[in-house]
Structures are given as C-alpha cells and as structure tokens.
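Below is one structure, written out as structure tokens; comments come after it.
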Amino acid sequence: LIDEFYECQYTMSTFKEYRSCSEPIKELKDMGYKFVAITACDFKDHMVESRAKNLAHLMGFEFEDVHVVGFNSSKENALSQYPPAVWVEDTIEHAITGYNLGHQTFLMDHEYNKNLNNPSITRVNNWYDIKEILCDTGR
1180 LIDEFYECQY TMSTFKEYRS CSEPIKELKD MGYKFVAITA CDFKDHMVES
1230 RAKNLAHLMG FEFEDVHVVG FNSSKENALS QYPPAVWVED TIEHAITGYN
1280 LGHQTFLMDH EYNKNLNNPS ITRVNNWYDI KEILCDTGR
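Under our numbering, the first residue of the sequence shown carries the number 1180, and numbering increases by one thereafter.
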C-alpha cells in the first residue's frame, strides 16, 4: 500500500479538494494569478496528464503547466523555469528551495511539518490565508 501511494499511480487522477482550496484559488485566478503545479512522486509517463486533468476538474480551469519530479527529488529545476512568483509548498525543504530562488514562499501547515520552520517562509493554514496575504500586500 505504501509503495502504491508513493508511486502515485492512482492518486494523480483522484486527489480530492483539500481544505476547501478551490474557491480562493479560483478567485486568485480571476485576479490574474497563473497556476503551475509541481508534484513530487515516483514518475510514470501518464502522471502529468492525470494530474493536469484532475486539477482542471477540481479547480474548473487548466493550469499553465504541470511538472512531476521524483518523490525524493528536488523541485529546483522545475521552479527555476519561472521568474520569482508565489510558491506554495507543504515540505520545508522544497519551500526553502523556492525561497532561495526568489519566490514569495508559503508553507502549508500540516502535522508532519509543524516543528519545521524558517523565518523567511510564511506558514499558512489554507488558501484563504494565502489569498488574504496576497490581497493585503498587493502582490
């Protein structure tokens, strides 16, 4: 079961909406923000297409691009393809990578990262927090 999860064979096309994220994401999209997904899991040929379709179904729009990197791989190559922007992550290592590349970085709070902090990275509970911060800063 663990191997199946890490292979992401089924989850790429079946992820459910998390923490009511679709509403604030759609609102940010309507405000002009563009969305790119960078997902870490054991890569299979169909993963990118499956994840892209799943995101479009959940959010109601197609993401600009979808990248899949190996489960324990760095996201640096994918992140470095984009100029500094907003970066949302759930692992501190990937969050630090995004920050080091100049991205305004948010760390989504989870049990597994509660004790991992970096003063340069903003911890948030959900996409509503992110939207509020972005609207307050005008970024």
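A virtual CB, placed ideally from N, CA and C, is assigned to each residue, including glycine.
Would residue i be called buried (16 or more neighbouring beta carbons within 10 Å of its own) or exposed?
i       : result
PHE1285 : buried
THR1276 : buried
ASN1304 : exposed
MET1191 : Model confidence at MET1191 stands at a pLDDT of 47, short of 50, so the residue's coordinates are unreliable; what they give is reported in the following sentence. Under this definition MET1191 is a buried residue.
GLN1320 : This structure does not reach residue 1320, given that the chain is present from 1180 up to 1318, and the question cannot be answered.
SER1229 : buried
LYS1254 : buried
HIS1282 : buried
GLU1268 : buried
MET1210 : exposed
Tell me residue i's beta-bridge partners as DSSP assigns them.
i       : result
LEU1320 : This structure leaves residue 1320 out entirely; the chain is present only between 1180 and 1318.
LEU1286 : GLU1268 and ARG1302
Check the C-beta distance from residue i over to residue j and give it rounded, since I have them as a contact under 8 Å.
i       : j       : result
ALA1219 : PHE1250 : 6 Å
ILE1217 : HIS1246 : 5 Å
ILE1309 : TYR1278 : That belief does not hold up - the Cβ atoms of ILE1309 and TYR1278 are roughly 15 Å apart, past 8 Å.
ASP1315 : ARG1302 : Wrong, their Cβ atoms sit about 16 Å apart, outside the cutoff.
SER1199 : LEU1237 : Wrong, their Cβ atoms sit about 11 Å apart, outside the cutoff.
So, using beta-carbon positions, are residue i and residue j closer together than 9 Å?
i       : j       : result
ALA1235 : GLU1241 : yes
GLY1239 : LYS1213 : no
LEU1280 : LEU1207 : no
PRO1203 : TRP1266 : no
Quiz item: Of all the alpha helix (DSSP H) runs that stay within the bounds of the region 1201 to 1279, which reach a length of 4 or more residues?
Solution: 1201 to 1209, 1226 to 1238, 1255 to 1258 and 1271 to 1279
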